[in-house]
Each structure stands twice: as C-alpha cells, then as structure tokens.
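Trainee:
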Amino acid sequence: MRLELHRIFVNKLAFGEKTGVKDGVLTIDKKELLDLISEDALLGKKLDVDLAMPGDSIRIVPVKDVIEPRWKIEGSGQVFPGMVSDVETVGEGKTLVLSGAAVVTAGKIVRFQEGIIDMSGPGADYTPYSQTCNVVLLLEPSDPGMDKHDYEAACRMAGLKAAAYLARCCAQANADRVDAFEHPNIREAMTLHPGLPKVGYLYMLQTQGLLHDTYLYGVDVKKILPTVVSPLEVMDGAIVSGNCVSACDKNSSYVHQNNPVIADMLKRHGKDFNFVTCIVTNENVTLADKRRSSSFATKLAAMLGLDGMVITEEGFGNPDADLIMNCWKAERLGIKTALLTDEYAGQDGASQSLADSCVEGDACVTAGNANEVIVLPPMKKVLGFAEEANVIAGGWQGSLVPDGTITVELQAITGSTSELGYTKLGAYTL
Amino acid sequence: MVKEIERKLPVVHVCTIVPISQTVGANRIVPAIAIPHPFGDPTRTPEEEKVIRRRLVEKALKALQTEITEQTVFAS
Numbered sequence: 513m514r515l516e517l518h519r520i521f522v523n524k525l526a527f528g529e530k531t532g533v534k535d536g537v538l539t540i541d542k543k544e545l546l547d548l549i550s551e552d553a554l555l556g557k558k559l560d561v562d563l564a565m566p567g568d569s570i571r572i573v574p575v576k577d578v579i580e581p582r583w584k585i586e587g588s589g590q591v592f593p594g595m596v597s598d599v600e601t602v603g604e605g606k607t608l609v610l611s612g613a614a615v616v617t618a619g620k621i622v623r624f625q626e627g628i629i630d631m632s633g634p635g636a637d638y639t640p641y642s643q644t645c646n647v648v649l650l651l652e653p654s655d656p657g658m659d660k661h662d663y664e665a666a667c668r669m670a671g672l673k674a675a676a677y678l679a680r681c682c683a684q685a686n687a688d689r690v691d692a693f694e695h696p697n698i699r700e701a702m703t704l705h706p707g708l709p710k711v712g713y714l715y716m717l718q719t720q721g722l723l724h725d726t727y728l729y730g731v732d733v734k735k736i737l738p739t740v741v742s743p744l745e746v747m748d749g750a751i752v753s754g755n756c757v758s759a760c761d762k763n764s765s766y767v768h769q770n771n772p773v774i775a776d777m778l779k780r781h782g783k784d785f786n787f788v789t790c791i792v793t794n795e796n797v798t799l800a801d802k803r804r805s806s807s808f809a810t811k812l813a814a815m816l817g818l819d820g821m822v823i824t825e826e827g828f829g830n831p832d833a834d835l836i837m838n839c840w841k842a843e844r845l846g847i848k849t850a851l852l853t854d855e856y857a858g859q860d861g862a863s864q865s866l867a868d869s870c871v872e873g874d875a876c877v878t879a880g881n882a883n884e885v886i887v888l889p890p891m892k893k894v895l896g897f898a899e900e901a902n903v904i905a906g907g908w909q910g911s912l913v914p915d916g917t918i919t920v921e922l923q924a925i926t927g928s929t930s931e932l933g934y935t936k937l938g939a940y941t942l
Numbered sequence: 054m055v056k057e058i059e060r061k062l063p064v065v066h067v068c069t070i071v072p073i074s075q076t077v078g079a080n081r082i083v084p085a086i087a088i089p090h091p092f093g094d095p096t097r098t099p100e101e102e103k104v105i106r107r108r109l110v111e112k113a114l115k116a117l118q119t120e121i122t123e124q125t126v127f128a129s
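If you're matching them up, the sequences are chains D and X in order.
If you're matching positions, the first sequence starts at 513 in our numbering and goes up one per residue.
If you're matching positions, the second sequence starts at 54 in our numbering and goes up one per residue.
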C-alpha cells in the first residue's frame, strides 16, 4: 500500500469570490460554503463562517471538532469514507492536503463537553489548533429542542463536508511538497527486516455511547470487535471523531488524520523496528465488552506475532480500565507495551493519576495533568459564546469574569493533553 | 468514598468496572449493569428493570451481611 500526501501549505485565509488556493492563501467563497452546510435540514438558518489565524486575539468557544481539509486526487475511495464519501477502502493513491488549514466546528451541543481554542496568549501554547489557519463554522440546530444525537451528527457532517469541499476546490493546484508513505502487506511485513522486533500500534477509540463515539468507515466503533487497519487508511480519514467528551483528551478528527504515533512509527519502520500494523479497538461501557475487546485485540496482536505494542488511550476514567486490561493481557502474552495517556491528578497534582493500574504497566508516557489550572486573559474577539466557559468540563460557575478573563483547568482547552501526543509541550527529567 | 465510609461502617461497592474497584481497594464488590446505567437497563421494559434493580439491591444487602476475610466480588 502506497499513499502520497500532496501538501499545499496554507499560511493565510481570506474570503473571496471563488474557493481556491494561491501563494499560500486559501480563499473561501463564504456563500458557497454556507450553502453547502445549510443543505442539512437539521441545521438552523443562522449559520456563519468566520476565520481565525495564529496570533489573532480570538477565542473560539465552544469547539466540537477540528478537521484537516483533504481530498483524494488519485486512488480508490474518497476522504472520510462512510461519512461524506462512499465506503470504499482508502489509504492508497494521492491525497491533497491543505497543510496549515483546519475546519473548526463550534456550537453548543453537550455544552460541558466542548472546548476552548485561544489563537494567542498563554492558552495558545496548550492547543495545537492555535497554530492552524482556522475556518470556523458557527453552528446551531434548526430546532432548539432537537435530539442531541441528531444535532451532533449534523455538526459532525458539516465539518467533514466543509473540509472535503475546501480541499476539493484546490484539487488542480500544484503541491508544495509530496510525502510518500508505504506500508507492506502482512506477508511481506513478516519477512521484512528479520533482525528487528515486530511492533504494532493498539489504537484505542472512545466509544462509550451517549455522544462519546468514534467512527471507522462510518461504522460506530462500539459495535465492532477489534480489527486490523493500515496506518495509511487512517491518514485518509477512515477514523472520524463524533466525540463529545472532555476537550483536552478527545482525539479530534484532525489528530486522527495526523496521528503522530503513526507518523513516528512509520519513520522508524525498518530502522528501529518493523511496524507491522495498527489494531483498532474500542472503550465500551460494560465490563463484559471491556474484557472481550481487550482479549480480542491482544489475541490479534499475538496471532500477528508482535513483540511489542504502543497503546494509546482516548479519554479518562473508566477507559483507564480498558488501557490497563490491554496492557497486562498483552504483557502476559509476551508482548511488551508502552502506554500513552494523560493524568487527572487534581489541581495540586497530588491525587491518583489514573483510575486503574497494573504492575505490567511499567512504560508509560503522560501528556500532562488535565486538572492544572490556567488563566486565559481576555481576547478582542470571541467566536461563539464565552459564557460556555462556566459550564465546560474543567470550568465552573465564575470561570468567566466580566472583563473576559477565563480561569479553567487545562481540561477545557481543546487538545491540551492529547493522548496521541499531538502537542508541542513536553517535559524532561533532569 | 467507599474507603472513607468503611473506616466507620461496612460498605458494598456496586459498580460496573470491577477492576477499578479492586484497584482502589473496595472490600465488598457487586458488579453492576453498565457505566451509564449501573442499576438498570433502558433496553428492557420497566417491569423487567424493576426485577433487575431488586436483584442487585438484594445482592448488595446480602453482601453487606456476609463475613469476608479478603477482597470479595459477589459475582453470581
């Protein structure tokens, strides 16, 4: 399997008469984009599109999802299969990427499970989406009493449609850079690099229902048994977020498309280890489901003869139990594990970090303490509703004060403790 | 909370994710239905749910009266 990402670098956004890209400027026909997302009868009449650039004094709140504009220009299938495209397999051919641009969907859905993006100031350091040129969709339901599942689906589709549309309109432009990725089939993978350990990636997806859902080729992942997916399929949007869960550690569609664990494992493939495959698994709400999925996922890993696995979690609390079961079940099958998670250790950092643990979990990377408190100074412009800071998880009544300052835990900032490691913040032990 | 109450009173922890309860150190554990609905099941009729609820409460009360010497999951 070979996939080329044809990157066009975007460093500026503008509204204009025709959607397209030139000299790093992504021009957007606002009316055409609004008409496209307004086709959905579930969305209201007062939809809007606004732009937010790195360094702007802009706060976006409440944020649902972030998506990178991509469009396949060669090869089977199309981006976001099973969602805005047909269900055909993706991951091969050529995909155009508007690197540096992002679609941000904003609107009140579950309210406490949306997030904040500051484009400048101290909050900007904690969210990777302060570094992207954001096309912000401000959404509302056509009926205020609409079922939240329907409204979530409408917001999710609006974001994906907009991301596909923006890249599709740029399909004729020449790429600034082409990144090629190759990934062998299992038979080749077994014989390649005989001296190197066989390593897999166990990709845990949040699937608790009640609007905590993730989709694979359009299939609700809580309904699957763990399965094998090529890392290249993930880059074409095979995995899409439908998640309304704490903003800091829900994996946006953008980080699925740009999963840094996959990127790094592909880079080190054939040098430090043999990256055999991704295994996708879920995080469900009954103990039987957790036991079944962890047993099945680790069984797949053992069938493939893996020596080791990187395991990433999504969310926190009871998913910690899935993480720990995946860890000890793999270890007891002779597969070494390294875990990537985040922590909820209290505002003083003194509490237990994870809800569960096991002695086998002795190689663990943290993306930070989500309870750490941060003060976000006022921004000149707010896209959305600043008062949502008072109800977002990580905020409290009084988080927003009259001058526009917001005091919240990092939990409230979109992507601040990404458990895929999509963050520029890190720490070293001296 | 389970552990703090148990300083004074015996406690039964009715919970869905038993391994977390075991890690935290609860002594009497009764497995529940699911995280969003530990004491019920919205896919059943109200009459069936009442039976499920009563069964769980009775199991918890029985666990509370059972002498134990180590961490015990009352599964059956």
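Built from N, CA and C at the ideal position, the CB exists for glycine as well.
Please read all numbers here as calculations on a predicted model, not as lab measurements.
1) Where threonine 824 of chain D and glutamate 529 of chain D are concerned, what is the direct C-alpha to C-alpha distance, given to the nearest angstrom?
2) Could you tell me whether any Cβ in chain X is nearer than 8 angstroms to the Cβ of alanine 867 of chain D?
3) Are the Cβ atoms of lysine 542 of chain D and phenylalanine 521 of chain D separated by less than 8 angstroms?
4) Just the chain X side, please: which residues come within less than 9 angstroms of methionine 716 of chain D by C-beta, in chain order?
5) How about isoleucine 774 of chain D and valine 740 of chain D: are their beta carbons less than 8 angstroms apart?
6) Whole angstroms is fine: what's the gap from leucine 545 of chain D's alpha carbon to asparagine 646 of chain D's?
7) Check the Cβ-Cβ distances between asparagine 830 of chain D and every residue of chain X, and say whether any is below 8 angstroms.
8) Between leucine 799 of chain D and chain X, is any beta-carbon pair separated by less than 8 angstroms?
9) Here's a check: name, in chain order, each residue in its chain whose Cβ is nearer than 7 angstroms to the Cβ of proline 656 of chain D, leaving out the five neighbours to either side.
10) Would you say alanine 814 of chain D faces chain X, with C-beta separation under 8 angstroms as the test?
11) Using the three-state DSSP reduction, which class does histidine 724 of chain D fall into: helix, strand or coil?
12) Measure how close the beta-carbons of asparagine 881 of chain D and alanine 857 of chain D come, nearest whole angstrom, since I'm counting them as under 8 angstroms.
13) Would you tell me roughly how many angstroms separate the C-alpha atoms of aspartate 691 of chain D and isoleucine 58 of chain X, rounded to the nearest one?
14) For the segment 902-922 of chain D against the segment 585-598 of chain D, do three or more pairs of beta-carbon atoms, one drawn from each stretch, fall closer than 8 angstroms, so that the two count as touching?
15) In whole angstroms, give me the CA-to-CA distance for histidine 705 of chain D and tyrosine 729 of chain D.
16) List the residues of chain X that glutamine 720 of chain D touches, going by C-beta distances under 8 angstroms, in chain order.
17) Given aspartate 598 of chain D, which residues of its chain have a CB within under 8 angstroms of its CB, disregarding the five upstream and five downstream residues?
18) Of the residues that make up the segment 823-855 of chain D, which ones have a beta carbon closer than 8 angstroms to any beta carbon in chain X?
19) What separation, rounded to the nearest whole angstrom, lies between the Cα atoms of leucine 610 of chain D and isoleucine 925 of chain D?
20) So does the segment 66-81 of chain X actually touch the segment 929-936 of chain D, counting three or more Cβ pairs closer than 8 angstroms?
21) Which residues in chain D have a C-beta closer than 8 angstroms to the C-beta of valine 65 of chain X? List them in chain order.
Mentor: Per the coordinate set shown:
1) Against the first sequence, residue 824 of chain D aligns to sequence position 312. Against the first sequence, residue 529 of chain D aligns to sequence position 17. Cα to Cα, the separation comes out at about 43 angstroms.
2) Start at 1 with the first residue of the first sequence, and residue 867 of chain D comes out as number 355. At least one chain X Cβ lies under 8 angstroms of alanine 867 of chain D.
3) Counting from one through the first sequence, the residue named residue 542 of chain D turns up at place 30. Counting from one through the first sequence, the residue named residue 521 of chain D turns up at place 9. Contact: no.
4) Position 204 of the first sequence, counting from 1, holds the residue named residue 716 of chain D. Near methionine 716 of chain D there are no residues of chain X at all, since even the closest Cβ is about 15 angstroms away, more than 9 angstroms.
5) What you label residue 774 of chain D is simply residue 262 of the first sequence in a count that begins at 1. What you label residue 740 of chain D is simply residue 228 of the first sequence in a count that begins at 1. Contact: no.
6) To locate residue 545 of chain D, count along the first sequence from 1; it is residue 33. To locate residue 646 of chain D, count along the first sequence from 1; it is residue 134. C-alpha separation (whole angstroms): 14 angstroms.
7) Here residue 830 of chain D corresponds to residue number 318 of the first sequence, with the count starting at 1. Yes, asparagine 830 of chain D counts as interfacial toward chain X.
8) Stepping through the first sequence from its first residue, residue 799 of chain D is reached at position 287. So yes, leucine 799 of chain D belongs to the interface.
9) Taking the first sequence and counting its residues from 1, the one referred to as residue 656 of chain D is at position 144. No residues qualify anywhere along the chain.
10) On the first sequence, residue 814 of chain D is found 302 positions in, with the first residue counted as 1. Chain X, which has no Cβ nearer than 8 angstroms to the Cβ of alanine 814 of chain D, makes this no.
11) Here residue 724 of chain D refers to the residue found at position 212 of the first sequence. Note: histidine 724 of chain D maps to strand in three-state DSSP.
12) Numbered from 1 along the first sequence, position 369 holds the residue referred to as residue 881 of chain D. Numbered from 1 along the first sequence, position 345 holds the residue referred to as residue 857 of chain D. Contact holds; Cβ gap of about 5 angstroms.
13) For the purposes of this step, residue 691 of chain D is taken as the residue at position 179 of the first sequence. For the purposes of this step, residue 58 of chain X is taken as the residue at position 5 of the second sequence. Aspartate 691 of chain D and isoleucine 58 of chain X: Cα-Cα distance of roughly 58 angstroms.
14) no
15) Here residue 705 of chain D refers to the residue found at position 193 when the first sequence is read from its first residue. Here residue 729 of chain D refers to the residue found at position 217 when the first sequence is read from its first residue. So the two alpha carbons sit approximately 31 angstroms from each other.
16) Indexing the first sequence from 1 puts residue 720 of chain D at position 208. What glutamine 720 of chain D touches in chain X: Ile88, Pro89.
17) Against the first sequence, residue 598 of chain D aligns to sequence position 86. Answer for aspartate 598 of chain D: Gly589, Gln590, listed in chain order.
18) Asn830, Asp832, Ala833, Ile836, Met837
19) Here the question's residue 610 of chain D lines up with position 98 in the first sequence. Here the question's residue 925 of chain D lines up with position 413 in the first sequence. In a straight line, the C-alpha of leucine 610 of chain D is about 24 angstroms away from that of isoleucine 925 of chain D.
20) no
21) Translated into the one-based positions of the second sequence, residue 65 of chain X becomes position 12. Those do not exist, as valine 65 of chain X stays about 17 angstroms from chain D at its closest Cβ, beyond 8 angstroms.
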